[in-house]
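K.L.:
A single structure is presented below for examination.
In my numbering, the protein residues as written are 1 to 112.
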């Protein structure tokens, strides 16, 4: 089982979770983080660090966000060279985006 970053992370990108990961499983995208399922050791350390409650074990992802399981895997591979293991500033409007729903359309896969 691996952990999965879901929709609440879109346009927030708080990095507290990545800083506590003991195996550098997090990958950074322009406005979203993902967890590499091949690196994740299911330690649960990241879950309590996420201020928007975006991280779930893959077998507990809410039904409306199950597509994020495949998305995490695909983006982790795409962003393989973008390991993040430290705390960085959240996105400028993160607090405004934290409570918004239906954010998938705003997820950016490519760095400009």
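Cβ atoms here follow ideal geometry from the backbone N, Cα and C, with glycine treated the same way. Remember, predicted model here, so these are calculated numbers, not experimental data.
Among 91, 97, 52, whose alpha-carbon lies nearest the alpha-carbon of residue 28?
P.N.:
Nearest option by C-alpha distance: 91.
K.L.:
Could you tell me the alpha carbon to alpha carbon distance between residue 17 and residue 60, rounded to whole angstroms?
P.N.:
Rounded to the nearest angstrom, the two C-alpha atoms are 18 Å apart.
K.L.:
Is the segment 44 to 53 in contact with the segment 6 to 21, if contact means three or more CB pairs nearer than 8 Å?
P.N.:
With the cut-off at 8 Å, the segment 44 to 53 and the segment 6 to 21 touch.
K.L.:
Exposed or buried, residue 118, counting other C-beta atoms within 10 Å across all chains shown (16 or more means buried)?
P.N.:
Within the shown structure, residues of the chain are numbered from 1 to 112, placing residue 118 beyond reach of any answer.
K.L.:
Check for me: the beta strand (DSSP E) holding residue 27 runs from which residue to which?
P.N.:
Per DSSP, residue 27 belongs to the beta strand (DSSP E) from 26 to 28.
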